[in-house]
Ligand code: OKP
Ligand code: ZN
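Numbering (full-length UniProt numbering), first residue to last: 1 to 335.
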């Protein structure tokens, strides 16, 4: 399988995050990528497809914010990391604010995602890896893997959060649409709901979003991923949420994944994007499912049986010692 990763993706490295009311080591570490590379035998540097495929999914003012935030924060003389802390949740309106504190709140979903001087470059490169995998399958590869890091599925058209800045799955899906695929499906099997991906395609009937994830009644991102969220307008019925309880093991996970795959087959997708998170593994430090390494090839074979050209993009997975073997196990199911 073709595999893509750019060294620029490793440069974004916040020191700490706000977790359980205290600052702890940032879980989405650059060493996640090295662990995966070691286990899958390296990866190719992606071609540069430019900013246009990213701008097809994200607003220009938001992308400018990603480029500038750390510099503005530093210029304002702030000693700590660029972390938002005031959010316009009441009466959100298009105020022309320039204070970096206001911009951080305006363009962020949460306070867990510090921005760095390298955030834009790393997110840009992560999106290029997703685009390279997408173009590989458009050119006839059965499946391809983008080692996306930073991940993407919590990021929306104009906001970051949940360690995500550029929604790499959305960039991949939109690129496939623009390359002529009439209908594209995204299957999100990260532990967390991909609220950003859902939001981007909420009113679209041409991109189907199906997600298995921890019930947002108990887990981040709390406000999205509930079973009654099905899309709106043209997108009504093109969003499928399958929340699962903490403690979920392979049998229940596989049964629900079969439901998602059946819905994708009925939708009639020409191409599939898989948002793959290995944070469903039993030893993940921030997640509570009970999948084992041996479960991943089983899930992958079920997905491969759909017979669709498949671009796999990496999302979460924070047990770094096990991450490489879990990713390699998943990819082995597509052989
Ligand atoms: C990103 B991905 C809870 C903090 C939650 C954010 C989790 C982001 C997961 N104390 N932190 O979906 O793997
Ligand atoms: Zn996750």
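Quick reminder that beta carbons are idealized off the backbone N, C-alpha and C, glycines included.
Taking C-beta separations shorter than 7 Å and ignoring five residues to either side along the sequence, the partners of residue 176 in its chain run 134, 138, 184 and 271, following chain order.
Between the segment 139-153 and the segment 55-75, the count of Cβ pairs shorter than 8 Å is below three; the stretches do not touch.
Here residue 144 is bridged, per DSSP, to 2 and 311. For the pair of segments examined, the segment 125-132 was found to touch the segment 4-13: the number of CB pairs separated by less than 8 Å reaches three.
Straight-line measurement puts the Cα of residue 188 at about 25 Å from the Cα of residue 13.
Shown here for residue 282: same chain residues with a beta carbon closer than 8 Å to its own, the five before and five after excluded, namely 289, 290, 291 and 292 in chain order. The shortest CA-to-CA distance from residue 107 to any of 258, 64 and 80 is the one to 64. Between ligand 1 and the CB of residue 248, the shortest heavy atom gap is not smaller than 7 Å. In the three-state scheme derived from DSSP, where H, G and I count as helix and E and B as strand, residue 253 is classed as helix. Look at residue 316: its beta carbon is less than 7 Å from one of the heavy atoms in ligand 2. For the 8 Å CB-CB criterion, residue 203 and residue 229 do not form a contact.
In the DSSP assignment, residue 74 falls outside any beta strand (DSSP E) and lies within the alpha helix (DSSP H) extending over 60-75.
Three or more beta-carbon pairs separated by less than 8 Å link the segment 241-261 to the segment 293-312, which places the two stretches in contact.
Short of 7 Å from the beta carbon of residue 33, and not among the five residues preceding or following it, lie these beta carbons of its own chain, in chain order: 5, 9, 10, 147 and 149. The alpha carbon of residue 328 has as its nearest neighbour, out of 160, 276 and 284, the alpha carbon of 276.
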